[in-house]
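Numbering (this note's numbering), first residue to last: 1 to 420.
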Ligand SMILES: [Mg+2]
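Structural data, given as structure tokens:
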């Protein structure tokens with residue numbers, strides 16, 4: 001029986017499947033263009049001589065060298081002997097070779113190791129870290145709001161592990177909707193950009209407008225002191241031992257961005273100006289300043305362990321209550337010490353953005369604020385690439401756009417004009 005036509009059509013494919021080193025080299029030879037300087041084959045006319053090559057477009061001495069010696073890729077199976085065809089100048093620079101011979105191809109003997117070019121992943125730029133911090137703040141807020149005021153046991157019972165932005169919670173939020181942590185930060189950022197710095201009067205007026213907009217959530221201390229501002233017109237609330245909540249710390253990010261690159265004392269002064277509108281308390285001040293300086297350190301590319309040694313040790317020394325426990329801080333309250341203990345434990349116990357946020361919100365309690373602060377720090381630490389795409393997609397699109405734009409604007413503003 002004669003060979004069918006389709007079998008003949010498949011024949012080249014069978015030859016192409018020849019495996020191993022020989023097969024790879026044979027296929028390479030089949031594809032390799034013939035050098036214009038190669039010896040002419042018997043019976044065939046010479047295609048180009050040396051003089052004619054120089055007249056070819058793009059041809060010259062370097063062009064001829066590329067044709068004379070070409071590289072043949074080999075598998076790394078010969079530890080003591082490698083057969084290479086490389087430009088001689090390259091071979092002479094390779095380390096560990098004892099001898100090089102010419103046998104129609106270069107034969108290099110020695111302990112040549114396979115060299116691999118590895119492109120290092122570039123560290124995120126400050127503006128990218130700033131955007132990641134702002135988006136991390138909003139994502140942590142939206143993620144944690146679903147389980148705010150729940151205990152870890154209740155979360156396990158309802159969600160197993162809570163790791164998706166699904167809305168709900170006691171505020172009955174839409175999926176991706178954020179609470180006061182994010183919206184107060186955005187209001188503060190707008191005030192800083194409009195005033196060209198952190199001006200307490202402008203900040204208090206911005207917070208007052210925010211409260212008149214009937215936000216979905218508002219803390220008792222914030223409400224009380226903003227009502228007092230409406231009556232008195234004084235933007236700085238009175239010192240109070242009852243103002244050690246986390247309401248000022250949760251919105252400190254715009255200050256950290258606006259003061260990035262400025263002397264530390266200006267960051268501290270700006271932190272106090274914005275915080276004292278609603279929270280005039282030494283413990284709250286310590287938390288706000290530490291968080292702002294940690295964000296700035298991370299924006300500058302400092303390693304997390306270095307930031308911890310630099311800032312957290314100073315915080316514990318200044319307010320020993322922050323170092324009060326080594327046990328996992330579960331069900332953290334709105335007291336800023338509880339909040340920061342949960343956040344810092346999650347941040348230093350994890351090695352990624354998602355792990356950090358999942359850890360902290362599953363501790364329950366004031367989970368939207370712990371999520372927001374942890375997201376801010378983790379975003380600044382790990383950058384945009386570490387934020388899961390599903391969380392970015394789930395976030396309210398308007399909030400997402402505002403956070404990204406404001407982060408860039410605040411970072412640019414600090415370079416143009418100092419904080420008032
Ligand atoms: Mg909230």
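Where is the CB? At the ideal position from N, CA and C, for every residue including glycine.
8 Å contact criterion, which residue i and residue j should meet: CB distance rounded
| i | j | result |
| --- | --- | --- |
| residue 217 | residue 372 | Incorrect: roughly 12 Å between the Cβ atoms, too far for contact. |
| residue 257 | residue 411 | 5 Å |
| residue 353 | residue 407 | The pair is not a contact, with the Cβ atoms about 16 Å apart (cut-off 8 Å). |
| residue 181 | residue 250 | 4 Å |
| residue 286 | residue 315 | 6 Å |
| residue 179 | residue 210 | Incorrect: roughly 12 Å between the Cβ atoms, too far for contact. |
| residue 168 | residue 148 | Wrong, their Cβ atoms sit about 10 Å apart, outside the cutoff. |
| residue 138 | residue 340 | That belief does not hold up - the Cβ atoms of residue 138 and residue 340 are roughly 20 Å apart, past 8 Å. |
| residue 370 | residue 342 | 5 Å |
C-beta atoms of residue i and residue j nearer than 8 Å
| i | j | result |
| --- | --- | --- |
| residue 379 | residue 332 | no |
| residue 299 | residue 126 | yes |
| residue 248 | residue 275 | yes |
| residue 270 | residue 259 | yes |
| residue 161 | residue 358 | yes |
| residue 337 | residue 144 | no |
| residue 363 | residue 135 | no |
| residue 187 | residue 200 | no |
Exposure label - residue i; buried when at least 16 CB within 10 Å
| i | result |
| --- | --- |
| residue 264 | exposed |
| residue 325 | exposed |
| residue 189 | buried |
| residue 328 | exposed |
| residue 306 | exposed |
| residue 235 | buried |
| residue 124 | buried |
| residue 212 | exposed |
| residue 128 | buried |
| residue 383 | buried |
| residue 319 | buried |
| residue 367 | buried |
| residue 202 | buried |
| residue 185 | buried |
| residue 232 | exposed |
| residue 375 | buried |
| residue 309 | exposed |
| residue 219 | buried |
| residue 194 | exposed |
| residue 313 | exposed |
| residue 133 | buried |
CB contact check: residue i to chain D, cutoff 8 Å
| i | result |
| --- | --- |
| residue 332 | No chain D is part of this structure, which consists of one protein chain only. |
Neighbourhood of residue i by C-beta, 8 Å cutoff - its chain only, sequence neighbours within 5 removed
| i | result |
| --- | --- |
| residue 221 | 242, 243, 245, 247, 278, 279 |
| residue 130 | 257, 260, 299, 380, 407, 408, 410, 411 |
| residue 321 | 283, 337 |
| residue 223 | 211 |
Cut-off 7 Å between Cβ atoms - residues of its own chain near residue i, not counting five sequence neighbours on either side
| i | result |
| --- | --- |
| residue 294 | 307, 311, 377 |
| residue 14 | Caution applies to residue 14, whose pLDDT of 41 falls short of 50 and renders its modelled position unreliable; the model cannot decide the point. |
| residue 350 | 356, 359 |
| residue 288 | 248, 249, 252, 271, 275 |
| residue 230 | 208 |
| residue 215 | 180, 183 |
| residue 226 | 207, 208, 211, 278 |
| residue 228 | 237 |
| residue 323 | 316 |
Proximal residues to residue i (C-beta, below 6 Å), its chain only, five neighbours per side dropped
| i | result |
| --- | --- |
| residue 421 | Residue coverage of the chain in this structure runs from 1 to 420, which leaves residue 421 outside it and unanswerable. |
| residue 192 | 198, 254, 258 |
| residue 163 | 358 |
| residue 297 | 307 |
| residue 239 | 280 |
| residue 173 | 145, 167 |
| residue 292 | 252, 255, 256, 267, 271 |
| residue 330 | 152, 363 |
| residue 402 | 186 |
| residue 389 | none |
| residue 150 | 364 |
| residue 430 | A query on residue 430 cannot be resolved here, the shown segment of the chain reaching from 1 to 420 and no further. |
| residue 334 | 245, 246, 366 |
Check: If we count Cβ pairs, one from each stretch, closer than 8 Å, do we get three or more for the segment 340 to 348 versus the segment 149 to 160?
Finding: no
Check: Can at least three beta-carbon pairs, one atom from the segment 272 to 283 and one from the segment 241 to 259, be found at a separation below 8 Å?
Finding: yes
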